[in-house]
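> Line order of the protein sequences matches chains A and B.
No gaps in the numbering here: position 51 of the first sequence is 51 in our numbering, and each next residue is one more.
With positions in the second sequence counted from 1, the corresponding number in our numbering is that position plus 1000.
Note that beta-carbon positions come from the ideal geometry of N, C-alpha and C, so glycine has one too.
Protein chains: 2
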Amino acid sequence: MVKCTPRTLDRTFGALADPTRRRILESLAHGDRCVTDLAKPHRMSLPAVSKHLRVLEKAGLVCRQRDGRVHRLKLQAAPMQQAAQWIEEYRRFWEASFDRLDEYLNKLQQKEKEKHDSKK
Amino acid sequence: MVKCTPRTLDRTFGALADPTRRRILESLAHGDRCVTDLAKPHRMSLPAVSKHLRVLEKAGLVCRQRDGRVHRLKLQAAPMQQAAQWIEEYRRFWEASFDRLDEYLNKLQQKEKEKHDSKK
DNA sequence: AGTACATTTAACCATATGGTTAAATGATAG
DNA sequence: CTATCATTTAACCATATGGTTAAATGTACT
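Okay, here's the thing in structure tokens:
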């Protein structure tokens, strides 16, 4: 269905591994923005943000539409789908671990209850 | 529900951004393995694999159980859940883009058909 | 034409990453 | 006790990453 080379996953996960870039994507989820606007909330220089945008662009997570001198950035979430699919393969593992956690917590609660009962 | 600091996501996505580490996780999905076994399929030295394992361990994606001189590595997929949740926020965007792709492909097909019809 | 704005490029720096080989650690086997 | 096996640590190297400031580019305004 979705073609997925390792390189693509490298770039996608790599792009998502930085908090600044994730915040940029979050901004873009609320609508297209230009570079300056995207940079505003971050305490770093414009060129730094510009670099982050290039990383996102190379990962295909963002595209850009030049409109005069302002660049309008647009979220392109499609590559995330592949990442999500990759992760999805492991769902049963974390669900299993939560089942074990549940089990553990239930046992703990049971013991507490028994202790409480024995005091009466 | 699931506590999720940015640091955690950094480490999780960062760990997943390397193909060797993803292959290691895939191995571990089939069962626990020791370091030497995990290293075998990779064309790199044991210390290199050892480093990757430490990255995975710091990200909480793997835990280790020393049994004599062999270390038994075990998959711990729980941190992936947070990553999956983060990505999930963007599902509507990639679904929207696939809708647009569908639309586009349908139009294309329609045009082809018209061309074909006019030739008759 | 000249100024101001949006953005990138260039040059640089510190630290992180991914790999190597050689040596150290720690456990097992003979 | 010694040799061997599993693994890590140390020291090193090349390249990547994430940031900076200063200069360049390209567009808009008057």
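Does A/Ser27 come within less than 8 Å of chain B when only Cβ atoms are used?
Residue numbering aside, residue 27 of chain A sits at position 27 when the first sequence is read from its first letter. Residue contact check for A/Ser27 against chain B: no CB pair falls below 8 Å.
> For chain A, find out if any of its Cβ atoms is closer than 8 Å to the Cβ of B/Met1044; answer yes or no.
Taking the first residue of the second sequence as 1, we reach residue 1044 of chain B at position 44. By this cut-off, B/Met1044 is not an interface position.
> Classify A/Val70 as buried or exposed, calling it buried when 16 or more other Cβ atoms lie within 10 Å of its own Cβ.
Counting from one through the first sequence, the residue named residue 70 of chain A turns up at place 70. Exposed, by the Cβ-count rule.
> Flag B/Thr1008 as yes if its beta-carbon sits less than 8 Å from any beta-carbon of chain A, otherwise no.
Residue mapping note: residue 1008 of chain B aligns to position 8 of the second sequence, counting from 1. No, its Cβ sits nowhere closer than 8 Å to a Cβ of chain A.
> Taking only the alpha-carbon atoms, compute the straight-line gap between B/Arg1022 and A/Ala29 and give it to the nearest angstrom.
Mapped onto the second sequence, residue 1022 of chain B falls at position 22. Mapped onto the first sequence, residue 29 of chain A falls at position 29. About 28 Å.
> Suppose contacts are defined by Cβ-Cβ distances below 8 Å. Is A/Pro79 in contact with B/Pro1019 by that definition?
Counting from one through the first sequence, the residue named residue 79 of chain A turns up at place 79. Counting from one through the second sequence, the residue named residue 1019 of chain B turns up at place 19. No. Outside cutoff.
> Using the rule of at least 16 other Cβ atoms within 10 Å of the residue's Cβ for burial, across every protein chain shown, is B/Thr1036 buried or exposed?
By 1-based counting over the second sequence, the position of residue 1036 of chain B is 36. Counting Cβ neighbours within 10 Å, B/Thr1036 comes out exposed, since fewer than 16 surround it.
> Using a Cβ distance threshold of 8 Å, determine whether the segment 1045-1062 of chain B contacts the segment 40-58 of chain A, with at least three qualifying pairs required.
no
> Are the beta-carbon atoms belonging to A/Leu16 and A/Leu73 less than 8 Å from one another?
Reading the first sequence from its first residue, position 16 is the one you call residue 16 of chain A. Reading the first sequence from its first residue, position 73 is the one you call residue 73 of chain A. Taking 8 Å as the Cβ cut-off, A/Leu16 and A/Leu73 do not qualify as a contacting pair.
> Inspect the beta-carbon positions of A/Phe93 and B/Phe1013 and report whether they are closer than 8 Å.
The sequence position of residue 93 of chain A within the first sequence is 93, counting from 1. The sequence position of residue 1013 of chain B within the second sequence is 13, counting from 1. No, the pair does not count as a contact, with Cβ atoms beyond the cut-off.
> Within a Cβ cutoff of 6 Å, which residues of the same chain sit near B/Lys1119, ignoring the five residues on either side of it in sequence?
Locating residue 1119 of chain B in the second sequence gives position 119, where the first residue counts as 1. For B/Lys1119, the predicted model reports a pLDDT of 47, less than 50, meaning its position is unreliable; a value from the coordinates is still stated below. Cβ neighbours of B/Lys1119 within its own chain (closer than 6 Å, five residues either side excluded): none.
> Any beta carbon from chain A within less than 8 Å of B/Asp1072's own beta carbon?
Here residue 1072 of chain B corresponds to residue number 72 of the second sequence, with the count starting at 1. Per the sequence shown, residue 1072 of chain B should be read as Arg rather than Asp. No, its Cβ sits nowhere closer than 8 Å to a Cβ of chain A.
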